[in-house]
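Shown next, in C-alpha cells, is the structure this report addresses.
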Amino acid sequence: NAGVTQTPKFRVLKTGQSMTLLCAQDMNHEYMYWYRQDPGMGLRLIHYSVGEGTTAKGEVPDGYNVSRLKKQNFLLGLESAAPSQTSVYFCASSRRSTEAFFGQGTRLTVV
Amino acid sequence: DQQVKQNSPSLSVQEGRISILNCDYTNSMFDYFLWYKKYPAEGPTFLISISSIKDKNEDGRFTVFLNKSAKHLSLHIVPSQPGDSAVYFCAARFYSGGSNYKLTFGKGTLLTVNP
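Protein sequences, first through last, are from chains A and B. Every number in the working numbering is 26 more than the matching position in the first sequence, counting from 1. Every number in the working numbering is 977 more than the matching position in the second sequence, counting from 1.
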C-alpha cells in the first residue's frame, strides 16, 4: 500500500549541479503534481500533468523541467541548481484534482 | 497575487475546545475546496472537502463551512485533541478547461492544541 513514493528523501547539491527527483504512484491516478514548500509560502505548484505524456506549468516553473513518460511516474529535473531552489519538494497524485495524495517529501539543499 | 489566503499563521487552543481555522479566497471560479493536515517531516494528508454548491460538510469531529458570498470557508474541529496539532492548509480547485484542474493552496495555519 505504497501510495505516492518520492526518491530521494534528502539531497545536498552544489550550485550548478543537476538532479532528477522521482515520483511514483500506484493508484492509477491521471493527475500528478510537483509542489515546493518554503517557510511562510505554503505549497506552490511547480508543474503538473493531467495524463501520460502531458505536462503543464504551474505557479513557479522556472528552473525546473518535468516528464511523464509513464502514467505512474512523474520526474522533476533541475538542470542547474541554484540556492533559491533549496526547499522541500512534494509530489502528489489525484484522480481529477480533488483529494490529492501526497508523498513524504524531498528535502533539497543547494549550497 | 495570492488567491487563497489563510491570514492566521498560528492558532492555539485548549484540548476539548473548538478550533476554528479560516480561509478566504478571491477567485469566484473556484468550484471545490479542500483542507489538508500536515505533520512535520510528512506530506500533507487530505482531511475534508466541500463542493461550491454546498455550504456545509461534516466528517466526525471536522466540519467545513463555505460562505460563497463572502468567499470564505472555515474548518471547525470539535472537540480539539492534542493529536490535531499540525499545519492546516486550505486549498481551492480551479477548472481551466479541457482536463486542466489546478489546486491552489494557502500558506497554512499552525494549530497547537494544549493538553
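Every residue gets a Cβ at the ideal spot worked out from N, C-alpha and C, and that includes glycine. Remember, predicted model here, so these are calculated numbers, not experimental data.
According to the neighbour-count rule (16 or more other Cβ atoms, all chains shown, within 10 Å of its Cβ), is residue i buried or exposed?
i         : result
B:Gly959  : For residue 959 of chain B there is no data in the structure shown, the boundaries of chain B being 978 and 1092.
B:Val1090 : buried
A:Leu134  : buried
A:Ser110  : exposed
B:Gln983  : buried
B:Ile995  : exposed
B:Arg1070 : buried
B:Ser1028 : exposed
A:Phe36   : exposed
B:Lys1033 : exposed
A:Thr33   : exposed
B:Ser1057 : buried
A:Val38   : exposed
A:Met58   : buried
B:Gly1083 : buried
A:Gly131  : buried
B:Val1041 : buried
A:Ser119  : buried
B:Gly993  : exposed
Would a C-beta distance cut-off of 9 Å place residue i and residue j closer than the cut-off?
i         : j         : result
B:Lys1048 : B:Thr1081 : no
B:Lys990  : B:Leu1088 : The question names Lys, but residue 990 of chain B is Val in the sequence shown. For B:Val990 and B:Leu1088, yes; Cβs fall inside 9 Å.
B:Ile1030 : B:Phe1039 : no
A:Thr41   : A:Val114  : no
A:Leu47   : A:Gly84   : no
A:Phe100  : A:Arg62   : no
B:Val981  : B:Asp1008 : no
A:Leu69   : B:Pro1021 : yes
A:Ala107  : A:Gln43   : yes
B:Tyr1095 : A:Phe128  : Limits of chain B in this structure are 978 at one end and 1092 at the other, which puts residue 1095 of chain B out of reach.
A:Asp64   : A:Gly29   : no
B:Leu1052 : B:Ile997  : yes
Tell me the DSSP bridge mates of residue i?
i         : result
A:Tyr115  : A:Arg62 and A:Thr132
A:Thr33   : A:Leu48
A:Lys83   : A:His73
B:Glu1035 : B:Thr1040
B:Lys982  : B:Asp1001
A:Asn22   : A question about residue 22 of chain A goes unanswered here, because the residues of chain A that appear run from 27 up to 137.
B:Ser1026 : B:Leu1011
B:His1049 : B:Asp1001 and B:Asn1044
B:Ala1068 : B:Leu1011 and B:Phe1082
B:Gln991  : B:Asn1091
B:Ser996  : B:Ile1054
A:Tyr92   : For the record, residue 92 of chain A in the displayed sequence is Val; it is not Tyr. A:Leu102.
For the region 115-135 of chain A, which residues have a CB atom closer than 9 Å to at least one CB atom of chain B, in sequence order?
Those residues of the region 115-135 of chain A placed with their C-beta closer than 9 Å to a C-beta in chain B are Phe116, Cys117, Ala118, Ser120, Arg122, Ser123, Thr124, Glu125, Ala126, Phe127, Phe128, Gly129, Gln130, Gly131 and Arg133, ordered along the chain.
Can you pull out the residues from the region 35-47 of chain A whose beta carbon lies closer than 8 Å to at least one beta carbon of chain B?
none
Could you please tell me which residues of the region 49-76 of chain A, in chain order, have their CB closer than 8 Å to any CB of chain B?
Taking 8 Å as the Cβ-Cβ cut-off, the region 49-76 of chain A approaches chain B at Glu56, Tyr57, Tyr59, Tyr61, Gly66, Met67, Gly68, Leu69, Arg70, Leu71, Tyr74 and Val76, given in chain order.
Three or more C-beta pairs closer than 8 Å, one from the region 88-101 of chain A and one from the region 67-76 of chain A: is that the case here?
Output reads yes: the region 67-76 of chain A touches the region 88-101 of chain A.
Determine which residues of the region 1063-1092 of chain B have a Cβ less than 7 Å from any Cβ of chain A, and write them out in chain order.
Phe1066, Arg1070, Ser1076, Asn1077, Tyr1078, Lys1079, Leu1080, Phe1082, Gly1083, Lys1084 and Gly1085
Kindly confirm or deny that the region 1006-1017 of chain B and the region 1053-1068 of chain B touch, where touching means at least three C-beta pairs closer than 8 Å.
yes
Residues of the region 75-96 of chain A with Cβ closer than 9 Å to any Cβ of chain B, in chain order
Those residues of the region 75-96 of chain A that come within reach of chain B (Cβ to Cβ, closer than 9 Å) are Val76, Gly77, Thr80, Ala82, Gly84 and Glu85.
Could you name the residues of the region 1025-1036 of chain B whose beta carbon sits closer than 8 Å to any beta carbon of chain A, in the order they occur along the chain?
Ser1026
Against chain A, which members of the region 982-1016 of chain B pass a CB distance test of less than 9 Å?
Gln983, Pro986, Tyr1009, Leu1011, Tyr1013 and Lys1015
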